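Written out below as structure tokens is the structure these notes cover.
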Amino acid sequence: MVEPVESNLPGHGGSLAVHTWPNPDARWRAVLVHGYGEHLGRYQHVADALVAAGAVVVGPDHVGHGRSAGERVLIRDVEAVVDDVHAAAATVAGDLPTVVIGHSMGGLIAARYAQRHRDELAALVLSGPVLGTWHVLDLLEHEQIPDTPIDPATLSRDPAVGAAYQADPLVWHGPFRRETLAALEAAVDAVNFGGPLEGLPVLWVHGEDDELVPLEETRTGTDRIRGLEFVERIYPGARHEVFNETNKDEVLGEVTAFVRQTLALD
1227 MVEPVESNLP
1237 GHGGSLAVHT
1247 WPNPDARWRA
1257 VLVHGYGEHL
1267 GRYQHVADAL
1277 VAAGAVVVGP
1287 DHVGHGRSAG
1297 ERVLIRDVEA
1307 VVDDVHAAAA
1317 TVAGDLPTVV
1327 IGHSMGGLIA
1337 ARYAQRHRDE
1347 LAALVLSGPV
1357 LGTWHVLDLL
1367 EHEQIPDTPI
1377 DPATLSRDPA
1387 VGAAYQADPL
1397 VWHGPFRRET
1407 LAALEAAVDA
1417 VNFGGPLEGL
1427 PVLWVHGEDD
1437 ELVPLEETRT
1447 GTDRIRGLEF
1457 VERIYPGARH
1467 EVFNETNKDE
1477 VLGEVTAFVR
1487 QTLALD
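Sequential numbering from 1227 applies to the sequence shown in my numbering.
Structure follows, in structure tokens:
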């Protein structure tokens, strides 16, 4: 296991906790973008796989998440979060090809990052991304947002994943915030109308039985951004967190193989 180094960086909403998994022999830079209510501390095994595939890995806990400052899970502007991720990526020096890897809400942030910083990226990986349409945004129709936290059972077929999620004090277990949902809705629209990622190699991985971010809702968004170098991999029976699924080694193997092939590292 590669131990992460944590540092602090000024973000748009206060101090950002930036996690870096060093690799003195790095041949590429992986930028990890986590999902709603969680933090990058849950991605140790993902970082280990990426480091083993030749990457130096970096990413922030988003504003209001994990060890970063801010009112819990409050995001008012996803564009500002993209700026934070971009600043965190820049803390890793060196002329290395950059691959952004985003999960769930992080997939939405990563897609917007790619639209805004296309010339800086070598590839993009999207895991269960919130794109296209998302039924959770229907909560905005309520005068008061119902207290419907994420069900840990929707994350993985491995019950240990849900148990660890439920017991994690850095994970948000409360209801969605109206301001955050409104910001995500605006970001979904921005990606939908931000243009396709022509010429950028993209890998989309998704669980076929994802109830939290359903496959067909995401597909309405991937159809808008896909270019000619767009690859999708759908895993039968898998739920939302494919990096934490019972076949996670297969998923991470396909991600690293995609990157290594794209970057001609083999």
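Don't be surprised by glycine CBs; every beta carbon is placed ideally from N, CA and C. If you're wondering where the values come from, they're calculated on a predicted model, not measured in any experiment.
Cβ contact (3+ pairs, closer than 8 Å) linking the segment 1268-1277 and the segment 1467-1486: yes
Cβ separation of Val1457 and Val1428, assumed to be a contact under 8 Å, to the nearest whole Å: In the sequence shown, residue 1457 corresponds to position 231, counting from 1. In the sequence shown, residue 1428 corresponds to position 202, counting from 1. The pair is a contact, with the Cβ atoms about 7 Å apart (cut-off 8 Å).
Val1326 vs Val1397 beta-carbon contact at 9 Å: In the sequence shown, the residue the question calls residue 1326 occupies position 100. In the sequence shown, the residue the question calls residue 1397 occupies position 171. No, Cβ-Cβ distance for Val1326 and Val1397 is not below 9 Å.
Simplified DSSP assignment, three categories, for Arg1268: Translated into positions along the sequence shown, residue 1268 becomes position 42. Correct three-state label for Arg1268: helix.
Contacting residues, own chain, Cβ-Cβ under 7 Å from Tyr1269 (five flanking each side not counted): Position 43 of the sequence shown, counting from 1, holds the residue named residue 1269. Result list for Tyr1269: Leu1258, His1260, in chain order.
Residue from Asp1449, Val1417, Ala1379 whose Cα sits closest to the Cα of Asp1435: In the sequence shown, counting from the first residue as 1, residue 1435 sits at position 209. Cα-wise, what sits closest to Asp1435 is Ala1379.
Extent of the continuous beta strand (DSSP E) to which Tyr1493 belongs: Within the shown structure, residues of the chain are numbered from 1227 to 1492, placing residue 1493 beyond reach of any answer.
Gln1370, buried or exposed, once every other Cβ within 10 Å from all chains shown has been counted against 16: Mapped onto the sequence shown, residue 1370 falls at position 144. Answer is exposed; the Cβ neighbour count stays below 16.
Same chain only: Cβ atoms within 6 Å of Gly1388, ignoring 5 sequence neighbours per side: For the purposes of this step, residue 1388 is taken as residue 162 along the sequence shown, with counting starting at 1. Closer than 6 Å at Cβ, skipping near neighbours: Pro1378, Ala1379, Leu1381.
Endpoints, the alpha helix (DSSP H) within which Leu1491 is located: Position 265 of the sequence shown, counted from the start, is the residue given in the question as residue 1491. From DSSP, Leu1491 is part of no alpha helix (DSSP H); its letter is neither H nor E.
Which listed residue (Pro1250, Asp1251, Pro1236) has its alpha carbon closest to that of Val1244: Taking the sequence shown and counting its residues from 1, one reaches residue 1244 at position 18. Nearest of Pro1250, Asp1251, Pro1236 to Val1244, Cα basis: Pro1236.
Boundaries (first-last residue) of the alpha helix (DSSP H) holding Glu1369: As a working note, residue 1369 is residue 143 in the sequence shown. Run containing Glu1369: none; DSSP gives neither H nor E here.
Beta-carbon proximity of Leu1438 to Ser1353, cut-off 9 Å: Position 212 of the sequence shown, counted from the first residue, corresponds to residue 1438. Position 127 of the sequence shown, counted from the first residue, corresponds to residue 1353. Going by C-beta atoms, Leu1438 is not nearer than 9 Å to Ser1353.
Residue range of the alpha helix (DSSP H) that includes Glu1405: Position 179 of the sequence shown, counted from the start, is the residue given in the question as residue 1405. Element bounds for Glu1405: 1404-1418.
Where Asp1321 falls, given that 16 or more other Cβ within 10 Å makes a residue buried: As a first step, residue 1321 must be located in the sequence shown, where it is residue number 95. When all chains shown are included, Asp1321 counts as exposed.
Euclidean distance between Cα positions of Ala1464 and Val1318: Mapped onto the sequence shown, residue 1464 falls at position 238. Mapped onto the sequence shown, residue 1318 falls at position 92. Straight-line Cα distance between these residues: approximately 33 Å.
CB contact flag (Thr1488, Ala1348, <9 Å): As a first step, residue 1488 is located in the sequence shown; it is residue number 262 there, counting from the start. As a first step, residue 1348 is located in the sequence shown; it is residue number 122 there, counting from the start. In contact: Thr1488 and Ala1348 (Cβ atoms closer than 9 Å).
Cβ-Cβ distance between Val1362 and Arg1338 below 9 Å: Against the sequence shown, residue 1362 aligns to sequence position 136. Against the sequence shown, residue 1338 aligns to sequence position 112. No, the pair does not count as a contact, with Cβ atoms beyond the cut-off.
Of the listed residues Gly1332, Asp1384, Val1417, nearest to Thr1446 (C-alpha basis): As a first step, residue 1446 is located in the sequence shown; it is residue number 220 there, counting from the start. Comparing Cα-Cα distances from Thr1446 to each of Gly1332, Asp1384, Val1417, the minimum goes to Val1417.
Test: Asp1345 CB closer than 9 Å to a CB of chain B: Of the protein chains in the structure, only one exists, and it is not chain B.
Local conformation of Glu1232 per DSSP, three classes: By one-based count along the sequence shown, residue 1232 stands at place 6. Glu1232 falls in the strand class under three-state DSSP.
Residue from Arg1486, Arg1253, Tyr1461, Arg1452 whose Cα sits closest to the Cα of Ala1340: The residue you call residue 1340 lines up with position 114 of the sequence shown. Residue Arg1452 is the option with its Cα nearest to Ala1340.
6 Å CB neighbourhood of Gly1332 in its chain, flanking five on each side removed: Looking up residue 1332 in the sequence shown gives position 106. For Gly1332, where only same-chain residues beyond five positions count, the Cβ hits under 6 Å are Val1259, His1260, Gly1261.
Counterpart residues of Pro1286 in DSSP-defined beta bridges: Translated into the one-based positions of the sequence shown, residue 1286 becomes position 60. In DSSP, Pro1286 forms a bridge with Val1244.
Per-residue burial, Asp1287 [other beta carbons within 10 Å of its own, 16 or more giving buried]: In the sequence shown, the residue the question calls residue 1287 occupies position 61. So Asp1287 counts as buried.
Contacting residues, own chain, Cβ-Cβ under 8 Å from Val1468 (five flanking each side not counted): Counting from one through the sequence shown, the residue named residue 1468 turns up at place 242. So the list reads Ser1353, Gly1354, Val1431, His1432, Gly1433, Tyr1461, Lys1474, Val1477, once near-sequence residues are dropped.
CA-to-CA distance, Val1414 to Arg1342, given in whole angstroms: Looking up residue 1342 in the sequence shown gives position 116. Looking up residue 1414 in the sequence shown gives position 188. Going by the C-alpha atoms only, they are around 14 Å apart.
Rounded distance between the beta-carbons of His1238 and Val1304, thought under 8 Å: By 1-based counting over the sequence shown, the position of residue 1304 is 78. By 1-based counting over the sequence shown, the position of residue 1238 is 12. Not quite, the Cβ-Cβ distance comes to about 11 Å (not below 8 Å), so this is no contact.
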